[in-house]
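Numbering-wise (our numbering), the sequence shown opens with residue 235 and increments by one.
Ideal Cβ placement from N, Cα and C applies to all residues, glycine included.
As the structure is a computational prediction, the values presented were derived from the model and not from experiment.
This report concerns only the one structure given below.
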Amino acid sequence: MFAFVTIGTNDLKSSAKFYDEILLPFDIVQVDSDERYVGYAKINYPEEIELYIMKPYNKEAASIGNGTMITFLADSKKIVDQFHTIGLENGGIDEGSPGPRHGEHY
Numbered sequence: 235m236f237a238f239v240t241i242g243t244n245d246l247k248s249s250a251k252f253y254d255e256i257l258l259p260f261d262i263v264q265v266d267s268d269e270r271y272v273g274y275a276k277i278n279y280p281e282e283i284e285l286y287i288m289k290p291y292n293k294e295a296a297s298i299g300n301g302t303m304i305t306f307l308a309d310s311k312k313i314v315d316q317f318h319t320i321g322l323e324n325g326g327i328d329e330g331s332p333g334p335r336h337g338e339h340y
């Protein structure tokens, strides 16, 4: 369905450090970058970048997308818990314990 997902940032260096750490349990690693973006892919498929962290194209400030949710497939609850813990350790905000967030239409 998606070719890739882009998340905007105002601080590419700090964001890259955060995502480098938090995506490791999913075997997702940084595979490309320049002064405007960082690209991530599964470790076994480095040519298939699926996530970009980047400064907005229009050079305006990046802002929060209220209601936006990006999900990653995890092979186990342990990976989900690692992701949550690493996120908090690297400056993420706790909006609730790891667990299902879907309703009847999911």
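Inset, instruction - Would you give the residue range spanned by the beta strand (DSSP E) that S248 belongs to? - result: Per DSSP, S248 is not a residue of any beta strand (DSSP E); the alpha helix (DSSP H) it occupies stretches across L246 to I256.
Inset, instruction - Give the secondary structure of I241 by DSSP, where H, G and I count as helix, E and B as strand, and everything else as coil. - result: In this structure, I241 counts as strand in the three-state DSSP scheme.
Legend entry - Cα-Cα separation between S383 and I313, rounded to whole angstroms: The chain is shown only over 235 to 340; residue 383 falls outside these bounds and no answer can be derived.
Inset, instruction - Quick one: measure Cβ to Cβ for V263 and I283, integer angstroms, because I've assumed they're closer than 8 Å. - result: Contact doesn't hold; Cβ gap of about 11 Å is too wide.
Legend entry - the ligand MN heavy atom lying under 7 Å from the CB of S248: The ligand MN is absent from the structure shown, which contains no ligand whatsoever.
Legend entry - 4-residue-minimum alpha helix (DSSP H) runs that sit fully inside the region 274 to 332, ordered along the chain: Runs of the alpha helix (DSSP H) inside the region 274 to 332: 311 to 323.
Legend entry - Cross-strand partners of V272 (DSSP beta bridge): Partner(s): S267 and I287.
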